[in-house]
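Participant:
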Amino acid sequence: RDEMSEMWINYYDIFVRNAFGNFFDILKEVTYSPVMGWYLTHVLSSSFDWDGNMPNENYAREVMQLFTIGLFHLNKDGTPKLDASGKKRETYSNRHILSFAKVFTGFINQAPRMNAEFTIGNNYIDPMGLHAPFHDVYPKPDLHGNFIGDGYPLCSDPPPPQSFLEQGAKYYRRTDGGDTALSLGAGSALSQALCGPQGKCGSLYTVTLRETLACSGSECSA
Numbered sequence: 071r072d073e074m075s076e077m078w079i080n081y082y083d084i085f086v087r088n089a090f091g092n093f094f095d096i097l098k099e100v101t102y103s104p105v106m107g108w109y110l111t112h113v114l115s116s117s118f119d120w121d122g123n124m125p126n127e128n129y130a131r132e133v134m135q136l137f138t139i140g141l142f143h144l145n146k147d148g149t150p151k152l153d154a155s156g157k158k159r160e161t162y163s164n165r166h167i168l169s170f171a172k173v174f175t176g177f178i179n180q181a182p183r184m185n186a187e188f189t190i191g192n193n194y195i196d197p198m199g200l201h202a203p204f205h206d207v208y209p210k211p212d213l214h215g216n217f218i219g220d221g222y223p224l225c226s227d228p229p230p231p232q233s234f235l236e237q238g239a240k241y242y243r244r245t246d247g248g249d250t251a252l253s254l255g256a257g258s259a260l261s262q263a264l265c266g267p268q269g270k271c272g273s274l275y276t277v278t279l280r281e282t283l284a285c286s287g288s289e290c291s292a
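Start counting the sequence shown at 71; every next residue gets the next number (the numbering used here).
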């Protein structure tokens with residue numbers, strides 16, 4: 071059908087743009103594609119809190135079964151891994167599908183862009199948008215028992231005082247400047263941690279604090 075030509079060419083262009091890119095970017099664009107949202111019906115899927123219905127499971131199932139990990143764990147040579155009883159080890163269960171379906175809630179089509187060739191009522195060109203009231207806001211466990219987003223910093227609230235001195239704080243060496251620097255005294259525990267055992271500041275590209283340090287001088291009011 072002529073009116074669908076632009077829609078399918080636009081979808082094909084996802085793979086043209088990312089031919090020399092990475093799989094993550096392809097998967098993200100496919101997820102937001104209005105064509106995929108229509109085909110695997112996750113467009114307009116909403117949370118149970120919104121309408122009392124469970125979220126649509128189609129895309130959550132296919133993104134694992136067809137697009138990424140497949141049905142069974144595999145060895146490096148492509149043969150299936152077996153459990154203690156000799157059965158193939160499944161990569162996911164229905165419980166995982168139900169959980170992942172909550173991730174793909176809130177997608178809506180963008181407003182249509184009227185033009186001379188416009189003959190259908192929905193916008194199948196622009197990436198889908200997110201409608202916050204439709205989205206499931208609760209934590210969602212991944213395949214390993216962790217929660218999606220656990221590895222991201224919580225930036226909505228200001229960090230507690232002196233959190234930069236706590237165990238696990240990570241520092242990266244920067245040469246572009248631009249930010250106000252905190253001057254560290256020679257006797258500062260943080261200065262010693264950043265400069266290494268030889269006292270050569272700048273020799274380490276990254277430093278992760280192995281323990282919580284006591285503040286010194288201007289650090290105590292930062």
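All C-beta atoms in this analysis are idealised placements derived from N, C-alpha and C, irrespective of residue type, glycine included.
Spell out the partners DSSP gives valine 277 in its beta bridges.
Facilitator: Residue pairing of valine 277 in beta bridges, as defined by DSSP: Tyr241.
Participant: Applying the criterion that 16 or more other CB atoms from any shown protein chain within 10 Å of the CB defines a buried residue, is lysine 172 buried or exposed?
Facilitator: Looking at its Cβ environment, which holds 16 or more other Cβ atoms inside 10 Å, lysine 172 is buried.
Participant: Does the separation of the CB atoms of histidine 143 and arginine 165 fall below 9 Å?
Facilitator: In this structure, arginine 165 does not lie closer than 9 Å to histidine 143 by Cβ.
Participant: Tell me, to the nearest whole angstrom, how far the beta carbon of glycine 176 is from that of phenylalanine 204; I am working on the premise that it is less than 8 Å.
Facilitator: Rounded, the Cβ-Cβ distance is 4 Å, consistent with contact.
Participant: May I have the straight-line CA-CA distance separating glutamate 281 from proline 209, to the nearest angstrom?
Facilitator: For glutamate 281 and proline 209, the gap between their C-alpha atoms comes out near 29 Å.
Participant: Whose C-beta lies closer than 7 Å to the C-beta of leucine 141 among residues of the same chain, with five residues either side of it excluded?
Facilitator: Gln135, Glu160, Thr161
Participant: Could you tell me which residues DSSP pairs with glycine 199 in its beta bridges?
Facilitator: Ile178
Participant: Is alanine 284 closer than 9 Å to alanine 259 when the C-beta atoms are compared?
Facilitator: yes
Participant: Check phenylalanine 90 in the structure and name its three-state DSSP category.
Facilitator: coil
Participant: Have a look at aspartate 147 and leucine 252 and give me their C-alpha separation to the nearest angstrom.
Facilitator: If you draw a straight line from the Cα of aspartate 147 to the Cα of leucine 252, it comes to about 52 Å.
Participant: Cβ of glutamate 289 within 9 Å of Cβ of leucine 264?
Facilitator: no
Participant: Are the Cβ atoms of leucine 97 and threonine 149 separated by less than 9 Å?
Facilitator: no
Participant: Check the C-beta distance from serine 103 over to isoleucine 79 and give it rounded, since I have them as a contact under 8 Å.
Facilitator: Not really, about 12 Å apart at Cβ, beyond 8 Å.
Participant: Could you check the C-alpha separation between tyrosine 194 and valine 133 for me, to the nearest Å?
Facilitator: 20 Å
Participant: Check phenylalanine 137 in the structure and name its three-state DSSP category.
Facilitator: coil
Participant: With DSSP run on the structure shown, which of helix, strand or coil describes lysine 157?
Facilitator: DSSP places lysine 157 in coil when its eight states are reduced to three.
Participant: Check each candidate in Trp108, Arg87, His214 and name the one with the smallest Cα separation from methionine 77.
Facilitator: Out of Trp108, Arg87, His214, the CA that lies nearest to the CA of methionine 77 is found in Trp108.
Participant: Can you tell me which of the three DSSP states leucine 144 falls into?
Facilitator: Here leucine 144 carries a strand assignment [DSSP, helix/strand/coil].
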